[in-house]
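Convert by adding 1 to the 1-based position in the sequence shown; the result is the number in the numbering used here. Below: one structure, written as C-alpha cells.
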Amino acid sequence: MVLDNYIEQDISGKKYKLCLSNMAIFKAEKELSSGKLLVALADPPLSMGDLFALFKWALIGGGNKVDEEKALELFLELNSEIGAIAVFNIILETLQKAEIFGKNPNQAAQA
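Here it is in C-alpha cells:
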C-alpha cells in the first residue's frame, strides 16, 4: 500500500511535492523559534520564520532539491500568490498527511 503522505503545490506554474516526514520535522524543529513543533502550533500565529522553516523542510521532505536561497524564493512566491494564511493552511494539511496529529480520517476511511 502506498501512503498518500504528501501534497502537490503549484508555485508559479510548477508543481512541487511537500512532505513533512519524521526526519523533515526533526530538522525543522531545530529551526523553530521554540524548538518544538507542537509548541509553535499551539501558540498561533506562527512567525514568518517558523512558517518558512516548515515550508523549506516540507519541500526537502518532498524530494525537491532546494537550497536555502531557492526555498526562500519559492516561499516568497507562494506567499505573494496566495498569502501567508493559505501557506499556513498548506503546512497544516501537510502535517495532517504525515499523521502528526494521529490517523488522517480520510486515509482511515479508504483502508
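C-beta atoms are modelled at their ideal positions from N, C-alpha and C, and glycine is treated no differently.
Residue i burial status per 10 Å Cβ neighbour count (16 or more: buried)
{"i": "residue 39", "result": "exposed"}
{"i": "residue 51", "result": "buried"}
{"i": "residue 25", "result": "buried"}
{"i": "residue 92", "result": "buried"}
{"i": "residue 57", "result": "buried"}
{"i": "residue 27", "result": "exposed"}
{"i": "residue 16", "result": "exposed"}
{"i": "residue 75", "result": "buried"}
Alpha-carbon spacing of residue i relative to residue j, whole angstroms
{"i": "residue 22", "j": "residue 29", "result": "10 Å"}
{"i": "residue 35", "j": "residue 48", "result": "11 Å"}
{"i": "residue 80", "j": "residue 86", "result": "9 Å"}
{"i": "residue 89", "j": "residue 37", "result": "17 Å"}
{"i": "residue 100", "j": "residue 6", "result": "8 Å"}
{"i": "residue 73", "j": "residue 44", "result": "24 Å"}
Within 8 Å, strictly: CB atoms of residue i and residue j
{"i": "residue 84", "j": "residue 20", "result": "no"}
{"i": "residue 95", "j": "residue 59", "result": "yes"}
For residue i, three-class secondary structure by DSSP
{"i": "residue 32", "result": "coil"}
{"i": "residue 21", "result": "coil"}
{"i": "residue 9", "result": "strand"}
{"i": "residue 71", "result": "helix"}
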